[in-house]
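Going by my numbering, the residue at position 204 of the sequence shown is 206; the numbering climbs one at a time, nothing skipped. Note that beta-carbon positions come from the ideal geometry of N, C-alpha and C, so glycine has one too. Heads up, the thing below is written out as structure tokens.
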Amino acid sequence: MTRRIRKAVFPVAGLGTRFLPATKTVPKEMLPVIDRPLIQYAVDEAIDAGCDTLVFITNRYKHAVADYFDKAYELEDKLERAGKHEQLEMVRNPLPAHVRAIFVTQPEALGLGHAVLCAKEVVGDEPFAVLLPDDLIWNRGGASALKQMADHAEASGAGVIAVQNVPRDKTSSYGIVDIEGFSDRHGAIRNMVEKPRPEDAPSTLAVVGRYVLPPEIFASLENTGRGSGGEIQLTDAIADLIARGGRFDAYRFQGTRFDCGAHIGLIEATIRFALDHETLSEAARESMQRALDELGVAEN
Ligand code: G1P
Numbered sequence: 003m004t005r006r007i008r009k010a011v012f013p014v015a016g017l018g019t020r021f022l023p024a025t026k027t028v029p030k031e032m033l034p035v036i037d038r039p040l041i042q043y044a045v046d047e048a049i050d051a052g053c054d055t056l057v058f059i060t061n062r063y064k065h066a067v068a069d070y071f072d073k074a075y076e077l078e079d080k081l082e083r084a085g086k087h088e089q090l091e092m093v094r095n096p097l098p099a100h101v102r103a104i105f106v107t108q109p110e111a112l113g114l115g116h117a118v119l120c121a122k123e124v125v126g127d128e129p130f131a132v133l134l135p136d137d138l139i140w141n142r143g144g145a146s147a148l149k150q151m152a153d154h155a156e157a158s159g160a161g162v163i164a165v166q167n168v169p170r171d172k173t174s175s176y177g178i179v180d181i182e183g184f185s186d187r188h189g190a191i192r193n194m195v196e197k198p199r200p201e202d203a204p205s206t207l208a209v210v211g212r213y214v215l216p217p218e219i220f221a222s223l224e225n226t227g228r229g230s231g232g233e234i235q236l237t238d239a240i241a242d243l244i245a246r247g248g249r250f251d252a253y254r255f256q257g258t259r260f261d262c263g264a265h266i267g268l269i270e271a272t273i274r275f276a277l278d279h280e281t282l283s284e285a286a287r288e289s290m291q292r293a294l295d296e297l298g299v300a301e302n
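Encoded structure:
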């Protein structure tokens, strides 16, 4: 696998139950950090990595995601008439001219592996990326996590999976990799297990939602039965390819990952982005200080 990735798959058909009641009508991928929805951060990362085809695996409740990347004639007209040029630019070109968006329906919620399999016809016979928008990765001023991984995939010819260390009592929330050891930022994966109990986990290196995969993954997914949680797991399909000699590297990316699929992760991302924001940082800092003072926790 030596070609540069061009296609990025975004599984966005999940129910987002952790963020109910908001997610009753707002897809979790549309929850904002400051003024941009989570999906925008993931899309920017894919484009930074060189992708020009974005494949959204969606369902009938997620029209807001498609609408977001569509033209909004009435809004544009109003902003234009009002002379609000800055806002107009923000909504006018949701994607750069060379990038196209494709929407594929996942008819049943059968898991991440099944969602990725839904992209088979659109991806075809080439390596591609998968990005889980819940995982927001911030690498201030540097290359995006997916760009780092795509560069490594191109240079090495291996599939590449983003990883980071987690506390052992959290292994049952992640795919966990068993590696031969790191050289620089990457290490060959020997095996992968989806959401093992801490006592069964082969390590504490957890899969983060960024993957560069070979097209062979589709055949593997077609033969993958239901695994953890009764779902078709991407982890199991990758483990199967590895067992049959496929080469996958775990990759320790440069940057900070916020798990925005959980309340605290979304809060952390918001705080971090606010403190780093061009116009909001001072007000954000003051407001946080005030809140800490008022709650009497500043000295604790
Ligand atoms: C998915 C993957 C898991 C990975 C995680 C990263 O799980 O199945 O291997 O570690 O994303 O966010 P989910 O969080 O969808 O349950």
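Is residue i near the ligand G1P, going by C-beta to nearest heavy atom under 7 Å?
i, result
"residue 215", "no"
"residue 263", "yes"
"residue 258", "no"
"residue 43", "no"
"residue 208", "yes"
"residue 223", "no"
"residue 229", "no"
"residue 69", "no"
"residue 196", "yes"
"residue 211", "yes"
"residue 60", "no"
"residue 136", "yes"
"residue 176", "yes"
"residue 166", "no"
"residue 237", "yes"
"residue 114", "yes"
For residue i, which residues of its own chain have a beta-carbon under 8 Å away from its beta-carbon, when the five flanking residues on both sides are left out?
i, result
"residue 14", "29, 31, 41, 58, 59, 60, 64, 67, 135"
"residue 149", "47, 50, 51, 52"
For residue i versus residue j, is the C-beta distance shorter than 8 Å?
i, j, result
"residue 97", "residue 78", "no"
"residue 292", "residue 277", "no"
"residue 109", "residue 216", "no"
"residue 121", "residue 191", "no"
"residue 203", "residue 115", "no"
"residue 222", "residue 243", "yes"
"residue 155", "residue 7", "yes"
"residue 111", "residue 56", "no"
"residue 160", "residue 250", "yes"
"residue 233", "residue 126", "no"
"residue 11", "residue 132", "yes"
"residue 263", "residue 141", "no"
"residue 175", "residue 199", "no"
"residue 162", "residue 106", "no"
"residue 54", "residue 100", "yes"
"residue 254", "residue 184", "yes"
"residue 27", "residue 19", "no"
"residue 212", "residue 157", "no"
"residue 117", "residue 93", "no"
Classify residue i: buried if its beta carbon has 16 or more other beta carbons within 10 angstroms, exposed otherwise.
i, result
"residue 49", "buried"
"residue 151", "buried"
"residue 139", "buried"
"residue 137", "buried"
"residue 1", "Any question about residue 1 goes unanswered here, given that the chain covers just 3 to 302."
"residue 186", "exposed"
"residue 226", "buried"
"residue 261", "buried"
"residue 248", "buried"
"residue 34", "exposed"
"residue 294", "exposed"
"residue 9", "buried"
"residue 36", "exposed"
"residue 297", "exposed"
What residues in its chain sit with their C-beta under 6 Å from that of residue i, if we drop five residues either side in the sequence?
i, result
"residue 2", "Nothing can be reported for residue 2, as the shown portion of the chain is limited to 3 through 302."
"residue 237", "177, 194, 196"
"residue 181", "189, 191, 252"
"residue 170", "200, 206"
Output needed for residue i: all residues of its chain with C-beta closer than 7 Å, excluding positions within five of it in sequence on either side, in chain order.
i, result
"residue 23", "none"
"residue 45", "56"
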